[in-house]
Ligand code: ADP
Ligand code: MG
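Residue numbers (full-length UniProt numbering): 1 to 251.
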């Protein structure tokens, strides 16, 4: 049984086919990367697996269970976490508060529970704090715990967003362009962090534009172009695939 199995998934927005009949498997404990030109359907593919979008057709199985139609919070309960292309953090709150709130939003079934805390939940606050600090430690951001998000660097925000996902105790993390907008040195650091996450037993699936980063990191790569899967394989297989070279260089 595949860890995550996507079968013939299609997503149409009106007349536009954003994801076109894609079959794909994600292996547990590995780093899988999805690449492709802008508008290829990469983020939409993530949104389908996470339940943000419902597919027009096709199925998604998670550990053999059909999750095609489950809402986002149910996916979170099952252990599916994600980060976004643009980081969604509360700029005026501290780093640690962001991780705590993010944890609550994803582990509670609704916003009401997350915002209006019951007494029992208050007792759980200490535990939530410890989990958040553990996640910040893991991503190397514990020293910024009490700093307002608005004052930290772009790279630090990326790491905090990852901590937020880690704090939910996921089985798999989907990262949408985690290295966008950061410098090469920081990119290397993020690649190391993703390897560390995978080594800890959490499956990593990432979208990335930075080819070099992906080639040195991924176990398996899928290439999307105009919604369709045009190739999949190891970094070496992808690098030498004429169809991929054509899609990237042929315009
Ligand atoms: P990528 O992440 O590979 O750059 P996206 O998945 O964001 O690509 O987008 C794939 C295509 O679907 C694009 O043409 C985009 O404009 C379109 N698209 C994405 N989301 C929506 C939406 N919510 N409504 C309409 N069109 C969308
Ligand atoms: Mg995208």
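Note that beta-carbon positions come from the ideal geometry of N, C-alpha and C, so glycine has one too.
Going by alpha carbons, who is nearest to residue i out of the options?
{"i": "residue 126", "options": "96, 148, 137, 150", "result": "96"}
{"i": "residue 4", "options": "36, 55, 80", "result": "80"}
{"i": "residue 68", "options": "211, 77, 57", "result": "57"}
{"i": "residue 65", "options": "18, 7, 238", "result": "7"}
{"i": "residue 156", "options": "174, 171, 181", "result": "181"}
{"i": "residue 211", "options": "24, 201, 223", "result": "223"}
{"i": "residue 165", "options": "144, 138, 241", "result": "138"}
{"i": "residue 172", "options": "151, 148, 200", "result": "200"}
{"i": "residue 39", "options": "16, 170, 53, 2", "result": "16"}
{"i": "residue 98", "options": "144, 1, 61, 78", "result": "144"}
{"i": "residue 1", "options": "247, 152, 60, 205", "result": "60"}
{"i": "residue 134", "options": "163, 159, 124, 122", "result": "163"}
{"i": "residue 154", "options": "190, 236, 78, 104", "result": "190"}
{"i": "residue 248", "options": "159, 151, 209, 33", "result": "209"}
With a Cβ-Cβ cutoff of 7 Å, do residue i and residue j count as a contact?
{"i": "residue 142", "j": "residue 136", "result": "yes"}
{"i": "residue 198", "j": "residue 31", "result": "yes"}
{"i": "residue 217", "j": "residue 187", "result": "no"}
{"i": "residue 85", "j": "residue 203", "result": "no"}
{"i": "residue 51", "j": "residue 71", "result": "yes"}
{"i": "residue 221", "j": "residue 238", "result": "yes"}
{"i": "residue 94", "j": "residue 146", "result": "yes"}
{"i": "residue 36", "j": "residue 183", "result": "no"}
{"i": "residue 22", "j": "residue 229", "result": "yes"}
{"i": "residue 132", "j": "residue 167", "result": "yes"}
{"i": "residue 174", "j": "residue 82", "result": "yes"}
{"i": "residue 48", "j": "residue 11", "result": "yes"}
{"i": "residue 9", "j": "residue 55", "result": "yes"}
{"i": "residue 227", "j": "residue 18", "result": "yes"}
{"i": "residue 149", "j": "residue 91", "result": "yes"}
{"i": "residue 240", "j": "residue 231", "result": "no"}
{"i": "residue 46", "j": "residue 219", "result": "no"}
Name the one or two DSSP bridge partners that residue i has.
{"i": "residue 61", "result": "5, 66"}
{"i": "residue 52", "result": "According to DSSP, which records beta bridges pairwise, residue 52 is partnered with nothing at all."}
{"i": "residue 104", "result": "Bridge partners of residue 104: none, in fact."}
{"i": "residue 94", "result": "148"}
{"i": "residue 25", "result": "5"}
{"i": "residue 225", "result": "228"}
{"i": "residue 35", "result": "223"}
{"i": "residue 19", "result": "11"}
{"i": "residue 207", "result": "34, 176"}
{"i": "residue 83", "result": "175"}
{"i": "residue 233", "result": "221"}
Continuous beta strand (DSSP E) assignments of at least 3 residues falling wholly in the stretch 123 to 205: 172 to 176
Any residues whose CB sits closer than 7 Å to a heavy atom of the ligand MG? List them in chain order? 42, 43, 85, 176, 177, 207
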